[in-house]
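>
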Amino acid sequence: MGETNLGDLFEKYMNKEPLFVNRNILQSNYTPEAISHRDQQIDTIAKVLSPALRFQKPSNLFVYGKTGTGKTLTIKYTTQEMRAASKRSNNSVDVIFLNCKLKKIADTEYRLVAQLCRELGKAIPPTGLPTDEVYKIFFETIDAKGQIILLILDEIDQLVKKVGDEILYNLTRINTELTKSQVAIIGISNDLTFTEFLDPRVKSSLSEEEIIFPPYNAIQLKHILTQRSKLAFKKNVLEQGLLEKCAAFAAREHGDARRALELLRVAGEIAERDGNDLVKIEHLDIAEEKIEKDRVLDIISTQPKQHQATLYSIFRVCSKRKEMVFTGEIYEVYKDVCAQTGLRPLTQRRVSDIIAEFDMLGLINAKVISKGRYGRTREISLSTPKVSNPKIKKILETGLDLTA
DNA sequence: GTCAATTCACATGAAAGAGACCACGGTCTAGTG
DNA sequence: CTAGACCGTGGTCTCTTTCATGTGAATTGACGA
Numbered sequence: 029m030g031e032t033n034l035g036d037l038f039e040k041y042m043n044k045e046p047l048f049v050n051r052n053i054l055q056s057n058y059t060p061e062a063i064s065h066r067d068q069q070i071d072t073i074a075k076v077l078s079p080a081l082r083f084q085k086p087s088n089l090f091v092y093g094k095t096g097t098g099k100t101l102t103i104k105y106t107t108q109e110m111r112a113a114s115k116r117s118n119n120s121v122d123v124i125f126l127n128c129k130l131k132k133i134a135d136t137e138y139r140l141v142a143q144l145c146r147e148l149g150k151a152i153p154p155t156g157l158p159t160d161e162v163y164k165i166f167f168e169t170i171d172a173k174g175q176i177i178l179l180i181l182d183e184i185d186q187l188v189k190k191v192g193d194e195i196l197y198n199l200t201r202i203n204t205e206l207t208k209s210q211v212a213i214i215g216i217s218n219d220l221t222f223t224e225f226l227d228p229r230v231k232s233s234l235s236e237e238e239i240i241f242p243p244y245n246a247i248q249l250k251h252i253l254t255q256r257s258k259l260a261f262k263k264n265v266l267e268q269g270l271l272e273k274c275a276a277f278a279a280r281e282h283g284d285a286r287r288a289l290e291l292l293r294v295a296g297e298i299a300e301r302d303g304n305d306l307v308k309i310e311h312l313d314i315a316e317e318k319i320e321k322d323r324v325l326d327i328i329s330t331q332p333k334q335h336q337a338t339l340y341s342i343f344r345v346c347s348k349r350k351e352m353v354f355t356g357e358i359y360e361v362y363k364d365v366c367a368q369t370g371l372r373p374l375t376q377r378r379v380s381d382i383i384a385e386f387d388m389l390g391l392i393n394a395k396v397i398s399k400g401r402y403g404r405t406r407e408i409s410l411s412t413p414k415v416s417n418p419k420i421k422k423i424l425e426t427g428l429d430l431t432a
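If you read the first sequence in this note's numbering, its first letter stands for residue 29, the second for the next number, and so on.
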């Protein structure tokens with residue numbers, strides 16, 4: 029591409045009227061000033077937590093709801109308001125918010141507690157200290173504050189899945205060791221069946237109060253979209269029926285508002301890039317595809333080599349053949365791939381786990397079946413859209429230096 | 001034909017090892033007054 | 001005398017391997033009708 033060409037491009041871009049006024053408003057981390065359709069939940073949360081303002085420990089609270097139903101937003105909003113209120117009077121409340129899903133923060137018991145300490149302003153090395161030492165520091169720090177602490181654990185199900193429920197047990201018992209402070213735990217979970225896996229003791233003490241966030245329906249979604257799009261887009265750049273379609277899309281996917289907003293934003297970006305002065309319904313379709321594709325490519329390119337090699341083997345076998353493919357066969361191909369790339373092949377045991385991980389990520393479908401006399405294995409097929417398969421393969425090949 | 005036993009090809013679990021990080025305390029070294 | 005470099009120790013974390021056990025239906029083969 030010549031320089032003049034590029035110059036033209038920039039020129040064009042600069043001259044083009046942008047469709048967005050503020051695209052951040054459609055970003056998922058944006059906090060709106062008012063939360064729609066969640067009045068009842070806000071009310072309940074406030075009622076449960078309000079004793080904290082009078083220096084009494086509120087009940088532990090458990091919040092359920094699918095992704096994108098506004099759980100995190102609502103909790104954050106309510107607790108911030110509370111903290112503000114307490115600052116004005118007796119300063120009795122402090123809030124710690126922790127997202128357990130973020131890697132490197134809450135993978136292990138140690139890290140979680142260390143992170144909690146950091147939130148309280150105590151520096152803790154990322155590793156090196158015995159775990160109970162960190163606990164001790166945590167206890168002391170909290171007790172020194174003499175406050176009611178609202179400990180919010182977002183995506184708590186992820187935490188338990190990774191490190192087990194012992195940590196929750198420790199946290200629920202924390203109050204017995206504290207003299208000046210008290211801690212109330214607020215757990216947020218996407219998984220409605222999550223508490224079934226918990227130790228009964230933990231379960232009963234953790235979910236003293238429960239709140240369920242129902243999914244938004246299409247009408248509510250549309251309302252939210254309308255509100256946000258008013259702020260995010262310029263006037264009259266959205267095609268008639270666009271928001272309805274967008275809301276319908278998301279409502280179909282269990283009323284995920286986050287997704288609806290993302291869809292709208294990406295559609296807007298696509299329209300803008302194309303130099304349209306109207307975001308059209310067809311942009312939505314493209315946006316949906318793009319979001320999925322980006323997600324997949326992002327996952328793939330950040331995988332470690334062994335995983336990439338495994339995935340590459342799966343792609344190689346699956347794209348060649350129509351019928352179902354089984355673990356053993358993948359492993360054979362995988363060994364070849366390793367030989368080609370100079371990678372040390374892992375055991376089948378490990379590869380089996382890796383395949384299961386890819387299934388979890390939704391990149392492939394792997395179902396355990398029994399073929400009777402012919403054993404038990406995973407039946408593997410691709411779940412990525414066929415269009416993007418060549419691209420995925422290419423990425424894997426470059427990632428593995430397999431240009432042949 | 002029926003029914004229980006067998007068998008396959010992995011799945012799934014548990015435990016333990018390897019190697020990378022990291023903090024901390026002790027020792028050594030070189031620079032400074 | 002002191003700051004900084006450089007170990008060794010003891011801890012965690014992640015990825016793997018090793019060893020053991022589990023699993024579900026096609027197949028087999030004995031049995032009875």
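Here a beta-carbon is modelled for each residue, glycine too, at the ideal position from N, C-alpha and C.
Since we're looking at a predicted model, the values are computed, not measured.
Roughly how many angstroms separate the alpha carbons of valine 162 and threonine 254, rounded to a whole number?
The residue you call residue 162 lines up with position 134 of the first sequence. The residue you call residue 254 lines up with position 226 of the first sequence. The alpha-carbon atoms of valine 162 and threonine 254 are separated by roughly 47 Å.
> Could you check whether leucine 339 and leucine 391 sit closer than 8 Å to each other, using their CB atoms as the reference points?
Position 363 of the first sequence, counted from the start, is the residue given in the question as residue 391. Position 311 of the first sequence, counted from the start, is the residue given in the question as residue 339. Cβ distance < 8 Å, so leucine 391 and leucine 339 count as in contact.
> If we count Cβ pairs, one from each stretch, closer than 8 Å, do we get three or more for the region 206-223 versus the region 60-71?
Cβ pair count under 8 Å is below three, so no.
> Does the region 407-415 touch the region 377-391, meaning 3 or more C-beta pairs lie closer than 8 Å?
Cβ pair count under 8 Å is three or more, so yes.
> Going by DSSP, name the residue or residues bridged to arginine 404.
As a working mapping, residue 404 is identified with position 376 in the first sequence. Partner(s): Ser398.
> For leucine 34 and asparagine 43, I'd like the C-alpha separation in whole angstroms.
For the purposes of this step, residue 34 is identified with residue 6 of the first sequence, where counting begins at 1. For the purposes of this step, residue 43 is identified with residue 15 of the first sequence, where counting begins at 1. When rounded, the distance between both Cα atoms is 14 Å.
> Measuring CA to CA, which of Glu297, Arg287, Glu147, Asp322 is closest to lysine 273?
What you label residue 273 is simply residue 245 of the first sequence in a count that begins at 1. Cα-wise, what sits closest to lysine 273 is Arg287.
> In whole angstroms, give me the CA-to-CA distance for tyrosine 244 and lysine 164.
Walking along the first sequence from the start, residue 244 turns up at place 216. Walking along the first sequence from the start, residue 164 turns up at place 136. Straight-line Cα distance between these residues: approximately 43 Å.
> Counting along the chain, where does the alpha helix (DSSP H) carrying asparagine 50 start and finish?
For the purposes of this step, residue 50 is identified with residue 22 of the first sequence, where counting begins at 1. Taken as a continuous stretch (DSSP letters only), asparagine 50 belongs to no alpha helix (DSSP H), as it is neither H nor E.
> Could you give the residue range of the beta strand (DSSP E) that holds leucine 292?
Residue 292 sits at position 264 when you count from the first residue of the first sequence. Leucine 292 -> not in any beta strand (DSSP E); alpha helix (DSSP H) instead, spanning 285-301.
> Rounding to the nearest angstrom, what Cα-Cα distance links isoleucine 327 and arginine 293 in this structure?
The residue given as residue 327 occupies position 299 in the first sequence. The residue given as residue 293 occupies position 265 in the first sequence. For isoleucine 327 and arginine 293, the distance between alpha carbons rounds to 21 Å.
> Going by DSSP, name the residue or residues bridged to glycine 427.
Indexing the first sequence from 1 puts residue 427 at position 399. Glycine 427 is not bridged to any residue.
> What does a CB cutoff of less than 8 Å around lysine 422 pick up in its chain, not counting 5 residues either side in sequence?
Within the first sequence, the letter at position 394 stands for residue 422. No residues qualify anywhere along the chain.
> For phenylalanine 83, which residues in the same chain have their Cβ closer than 6 Å to its Cβ, ignoring the five residues on either side in sequence?
As a first step, residue 83 must be located in the first sequence, where it is residue number 55. Excluding residues within five positions, the ones whose Cβ falls inside 6 Å are Ser120.
> What would DSSP say about serine 409, mapped onto helix, strand or coil?
Stepping through the first sequence from its first residue, residue 409 is reached at position 381. Three-state result, serine 409: strand.
> For alanine 295 versus leucine 47, is the C-beta distance shorter than 8 Å?
The residue given as residue 295 occupies position 267 in the first sequence. The residue given as residue 47 occupies position 19 in the first sequence. Cβ atoms of alanine 295 and leucine 47: not closer than 8 Å.
> Which complete alpha helix (DSSP H) runs does the region 175-248 hold, if anything under 4 residues is left out?
Fully enclosed alpha helix (DSSP H) runs of 4 or longer: 184-191, 194-200, 202-205, 228-234.
> Where do the N-terminal and C-terminal ends of the beta strand (DSSP E) with tyrosine 359 fall, by residue?
In the first sequence, residue 359 corresponds to position 331, counting from 1. Note, tyrosine 359: premise wrong, no beta strand (DSSP E); alpha helix (DSSP H) at 355-369.
> The beta strand (DSSP E) spanning isoleucine 124 covers which residue range?
The residue labelled residue 124 in the question sits at position 96 within the first sequence. Isoleucine 124 -> beta strand (DSSP E) spans 121-127.
> For leucine 101, name the three-state secondary structure that DSSP assigns.
Translated into positions along the first sequence, residue 101 becomes position 73. Of the three classes helix, strand and coil, the one that applies to leucine 101 here is helix, per DSSP.
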